[in-house]
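In the UniProt record's numbering, the protein residues as written are 1 to 175. Heads up, the beta-carbon is just placed ideally off N, CA and C, and yes, glycines get one too. See below for the structure under consideration.
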């Protein structure tokens, strides 16, 4: 894996972490959209920006304390599951998100009723999405603090670069 692939993989892991945190709190995916922005050059730290529906904001979960607790849960989950830092979670109301509105049950075409973000992601496939199995293998290796082997390279730490067979001494030079 090169640096771009590792950064894309970490981004996928964070997407999975945010989605699972929201689901664990009983928040329907129709009531929010989120974006992830890298906060450092190597992709170890991120900022999460969440757009919420007006319906969500009217509910009890949309008050300040539950949102702060949810942001903290997103940070803890990302760090615990994948070792990824989330420096901040930003919230805003987006009136374009229908949320719990009964009008959202329409039957439109596959991309006809899709958000602009969904259309962009359908058009752009720069990296292949990580499968659930790949995420599970990575998470298991991370929890065991073991090494993850991909081809002839070993991914021994989230902070260390991937080294091939010829780069075993490269870590000793950077003291």
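Using 10 angstroms around the beta-carbon of residue 21, count the other beta-carbons present and answer buried if the total reaches 16, otherwise exposed. With 16 or more other Cβ atoms inside 10 Å of its own Cβ, residue 21 counts as buried.
Below 8 Å, how does it come out for the segment 1-12 and the segment 54-64: are there three or more Cβ pairs, yes or no? By the C-beta criterion, the segment 1-12 is judged not to be in contact with the segment 54-64, since fewer than 3 inter-stretch pairs fall below 8 Å.
Nearest to residue 97 by alpha carbon, out of 39, 51, 18 and 83? Residue 97 has its Cα closest to that of 51, out of 39, 51, 18 and 83.
What is the DSSP secondary structure of residue 179, counted as helix, strand or coil? No statement about residue 179 is possible, as the shown extent of the chain runs from 1 to 175 and does not include it.
Roughly how far, in whole angstroms, is the beta-carbon of residue 70 from the beta-carbon of residue 78, given that I think they are within contact range, below 8 Å? With a contact defined as Cβ atoms closer than 8 Å, residue 70 and residue 78 miss out at about 13 Å.
Please list, in chain order, all residues of the same chain as residue 7 whose beta carbon is under 8 Å from its beta carbon, the five residues on each side excluded. Listed in chain order, the non-local C-beta contacts of residue 7 below 8 Å within the same chain comprise 38, 42 and 43, local neighbours out to five positions each way being set aside.
Keeping to the same chain, check which residues put their C-beta closer than 6 Å to that of residue 68; ignore five residues upstream and five downstream. Excluding residues within five positions, none has a Cβ falling inside 6 Å.
Of the residues 135, 93 and 139, the one placed nearest residue 33, counting alpha carbons only: With distances taken between Cα atoms, residue 33 lies closest to 93.
Chain-order list of residues whose beta-carbon lies under 6 Å from that of residue 75 (same chain, five-residue window excluded): Cβ within range, chain order: 86.
When 46, 90, 27 and 72 are compared against residue 60, the one with the closest alpha-carbon: Measuring from the Cα of residue 60, the nearest candidate turns out to be 27.
Whole-Å CB distance - residue 65 paired with residue 139, under 8 Å assumed: The C-beta separation of residue 65 from residue 139 comes to about 30 Å, leaving the pair out of contact by the 8 Å criterion.
Does any C-beta atom of chain C lie closer than 8 Å to the C-beta of residue 35? Absent here is chain C; the protein component of the structure consists of one chain.
On the criterion of 16 or more Cβ atoms from any shown chain inside 10 Å, does residue 126 qualify as buried, or is it exposed? Because the pLDDT at residue 126 is just 44, under 50, the model does not fix this residue reliably, and the point stays unresolved.
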